[in-house]
Each structure stands twice: as C-alpha cells, then as structure tokens.
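**Student:** Numbering (our numbering), first residue to last: 670 to 930. Each residue gets a CB set at the ideal place from its N, CA and C atoms; glycine is no exception. One structure is given below, represented as structure tokens, and several questions about it will come after.
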C-alpha cells in the first residue's frame with residue numbers, strides 16, 4: 670500500500686511499445702541537422718533551380734541524373750577511387766534537393782514524380798553500399814576486418830531502406846516521421862565529406878569506421894521512428910503533428926526533394 674511502481678503502471682505481461690512511450694521512458698526523437706539548416710541550404714541552390722526551370726529541364730530528368738551520379742559514386746568506391754566517390758556522392762545530394770525545388774517552383778509536382786523520386790532513391794542507396802562492399806572485398810581492408818566490413822555494409826543498407834520505409838508507411842497512415850539521427854542528408858554528409866578529403870584512410874580504416882557508424886546510427890534511426898510513430902499514434906488527433914502529404918502513400922524519399930519546402 671502506498672508504494673509507487675518503479676517500472677510504470679503496467680504488469681510485465683501487458684507492457685508494450687505504446688506503454689513505454691506513453692510513460693515517457695524514451696526521449697523525443699532528434700534531428701542532427703536542424704530543419705532551418707536544411708531549408709537554408711535549399712535556398713542557396715534556388716538560383717540553380719531557376720536556371721533549370723528557364724531551360725525547361727523536367728524534375729524527373731534531374732532525378733535520373735542524380736541517380737546516375739550516385740551509381741557513378743558507387744562505381745568509384747568499388748574501383749578504389751574513394752576521393753572521387755565522396756565528391757560524386759555530395760554532388761548527388763545537390764541533385765536530390767534540386768528535383769523537388771524545380772518541381773515545386775515550376776508547378777510540375779506529379780504523383781508519378783514522387784513515386785519515381787522515391788524509387789530511384791532506393792536504387793541509389795543500394796548501389797552505393799554495394800560499391801563500398803566491393804571495395805572492401807577487393808582488398809580495401811585487412812583480411813581480419815573483411816567479414817565485419819561487409820556485414821556493416823549490409824546492415825547499413827538494410828537499415829537505410831527500413832528508415833525510408835518507416836517514413837513512407839507513417840505517411841500512408843496520416844502521420845509524419847521526419848526524425849532521426851541518420852536521415853538521408855546525414856548519411857550523405859557523413860559518408861561523402863570525410864572520403865572526399867581523406868579517402869579511405871590508412872588500410873581503409875576510415876571508410877570502415879564510417880560504415881560501422883552509419884550502420885549503428887541508421888539502426889538507431891529506425892528505432893527512433895518506430896517510437897515517434899508510436900507516440901504520435903497514441904495522441905488525440907488534435908495533438909498530432911500536422912499531416913503533410915507530399916508523396917504517394919507508401920512512398921517517401923528520405924531527403925528533402927519533392928517533399929515540400
């Protein structure tokens with residue numbers, strides 16, 4: 670009598686994710702790159718978007734070119750041209766932003782465009798981590814690190830695809846899930862910037878540890894999004910974050926491209 674229950678108000682057999690979230694056992698999900706920083710970078714490339722609009726460049730063409738740049742980046746990584754791979758990856762991130770800004774400013778946003786953008790994002794991520802895995806398999810890391818390096822690539826790829834799916838599924842249910850420490854922008858920067866300046870590092874160790882960190886951070890992001898949606902789904906509809914449907918239900922890219930300003 671009078672004793673408070675230290676583990677919440679539910680019996681172990683009835684505890685669930687929703688219960689833990691409701692009892693605030695988990696902190697709110699965070700974004701490493703604040704939205705105002707993302708918006709600020711988007712405004713920096715607006716002049717380039719205006720040029721593309723004046724040249725009547727279609728957003729789907731920009732999406733296609735961006736994906737080809739990612740595939741070129743993956744190829745460069747696989748061939749051991751790590752500096753070039755990092756540079757091309759960062760360039761692809763610019764294209765990933767441009768297609769959406771061109772589509773919105775020129776009023777060319779379409780249902781198929783959102784679907785196409787989302788699909789090619791997944792193609793690019795699959796190619797990228799496959800290329801890095803090839804680099805490791807071709808002797809990029811010492812033999813004793815090879816198995817862990819390839820496993821890290823597989824985990825990073827799987828988690829990246831799941832991160833994208835969690836957001837897409839949440840939006841299909843009328844919720845938002847634009848949270849997490851390793852969204853697409855963070856992944857592009859974390860992998861592209863260091864490899865551009867430092868390559869793969871001594872015996873490939875820099876690239877190895879980047880992929881390991883990406884695998885862990887992206888897996889954490891999956892958990893963050895699940896908990897975020899569990900929290901949002903448990904709130905009364907009036908308290909839920911405003912729904913912003915900019916893509917097809919079940920399809921959502923992970924970096925701002927055609928997803929609103």
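1) On the three-state DSSP scale, how would you describe residue 813?
2) Take the Cβ of residue 713 as the centre, count every other Cβ of all protein chains shown within 10 Å, and call the residue buried at 16 or more, exposed below.
3) Should residue 865 and residue 725 be called a contact, given that it needs their Cβ atoms to be closer than 8 Å?
4) Measure from the alpha carbon of residue 744 to the alpha carbon of each residue in 793, 727, 731, 780, then state which is nearest.
5) Okay, do the stretch 722 to 742 and the stretch 783 to 792 touch, 3+ Cβ pairs below 8 Å being the bar?
6) Measure the C-alpha to C-alpha separation of residue 858 and residue 763 and round it to an integer number of angstroms.
7) Are there three or more Cβ pairs, one per stretch, closer than 8 Å when the stretch 839 to 854 is compared with the stretch 884 to 899?
8) Would residue 893 be called buried (16 or more neighbouring beta carbons within 10 Å of its own) or exposed?
9) Since residue 732 contacts residue 768 with CB under 8 Å, what's their CB separation in whole angstroms?
10) Report the option in 867, 717, 802, 813 whose CA atom is closest to the CA atom of residue 825.
11) Determine the direct distance from the alpha carbon of residue 717 to that of residue 828, and round the result to whole angstroms.
12) Should residue 809 go down as buried or exposed, given a rule of 16 or more other Cβ atoms within 10 Å for buried?
13) How many Å lie between residue 863 and residue 873 at the Cα?
14) Excluding sequence positions up to five away, which residues of its chain have a Cβ less than 6 Å from the Cβ of residue 740?
15) When the Cα atoms are used, what is the spatial distance from residue 861 to residue 837?
16) Relative to the C-alpha of residue 789, which residue among 746, 867, 817, 833 is closest?
17) Going by DSSP, what residue range makes up the alpha helix (DSSP H) through residue 884?
18) Once the 5 residues before and after residue 882 are set aside, which same chain residues still bring their CB inside 8 Å of it?
19) Between the C-alpha atoms of residue 695 and residue 775, what's the straight-line distance to the nearest angstrom?
20) Kindly list the residues whose CB is nearer than 7 Å to the CB of residue 651, restricted to its own chain and excluding five residues on each side of it in sequence; keep chain order.
21) Measure from the alpha carbon of residue 889 to the alpha carbon of each residue in 841, 869, 835, 804, then state which is nearest.
22) Are residue 734 and residue 831 touching if we call contact CB-CB under 8 Å?
23) Going along the chain, which residues of its own chain have a beta-carbon closer than 6 Å to the beta-carbon of residue 907, five neighbours each way excluded?
24) What is the rounded straight-line gap between the Cα of residue 749 and the Cα of residue 742?
25) Starting from the C-beta of residue 738, find all residues in its chain whose C-beta is less than 7 Å away, skip the five residues before and the five after it, and write them out in chain order.
**Tutor:** Let's see:
1) Of the three classes helix, strand and coil, the one that applies to residue 813 here is helix, per DSSP.
2) Its Cβ having fewer than 16 others within 10 Å, residue 713 is exposed.
3) Not closer than 8 Å, so no.
4) The shortest Cα separation from residue 744 among 793, 727, 731, 780 belongs to 793.
5) As far as the Cβ criterion goes, the stretch 722 to 742 touches the stretch 783 to 792, which means the pair count is three or higher.
6) Between residue 858 and residue 763, the C-alpha separation is close to 11 Å.
7) Cβ pair count under 8 Å is three or more, so yes.
8) Buried: at least 16 other Cβ atoms inside 10 Å.
9) Beta-carbon to beta-carbon, residue 732 and residue 768 are separated by about 5 Å, close enough to satisfy the 8 Å threshold.
10) That would be 802, whose Cα lies nearest to the Cα of residue 825.
11) Each residue's alpha carbon lies about 32 Å from the other.
12) Buried, by the Cβ-count rule.
13) So the two alpha carbons sit approximately 12 Å from each other.
14) Taking residue 740 as the centre and dropping the five residues before and after it, the same chain places the C-beta of 796 closer than 6 Å to its C-beta, in chain order.
15) Pairing residue 861 with residue 837, the inter-Cα distance amounts to about 25 Å.
16) Among 746, 867, 817, 833, the Cα nearest to that of residue 789 is on 833.
17) 874 to 903 is the extent of the alpha helix (DSSP H) around residue 884.
18) 859, listed in sequence order.
19) Low confidence applies here, because residue 695 scores a pLDDT of 49, under 50, leaving its location unreliable and the question unanswered by this model.
20) Missing from the structure shown is residue 651; the chain here goes from 670 to 930 and no further.
21) Of 841, 869, 835, 804, the residue nearest in Cα terms is 835.
22) No, these two residues do not count as a Cβ contact at 8 Å.
23) Note that residue 907 has pLDDT 44, beneath the 50 cutoff, so the model's placement of it is unreliable and no number is given.
24) The straight-line gap separating the alpha-carbon atoms of residue 749 and residue 742 is approximately 11 Å.
25) Cβ neighbours of residue 738 beyond the five flanking positions: 757, 760, 761, 764.
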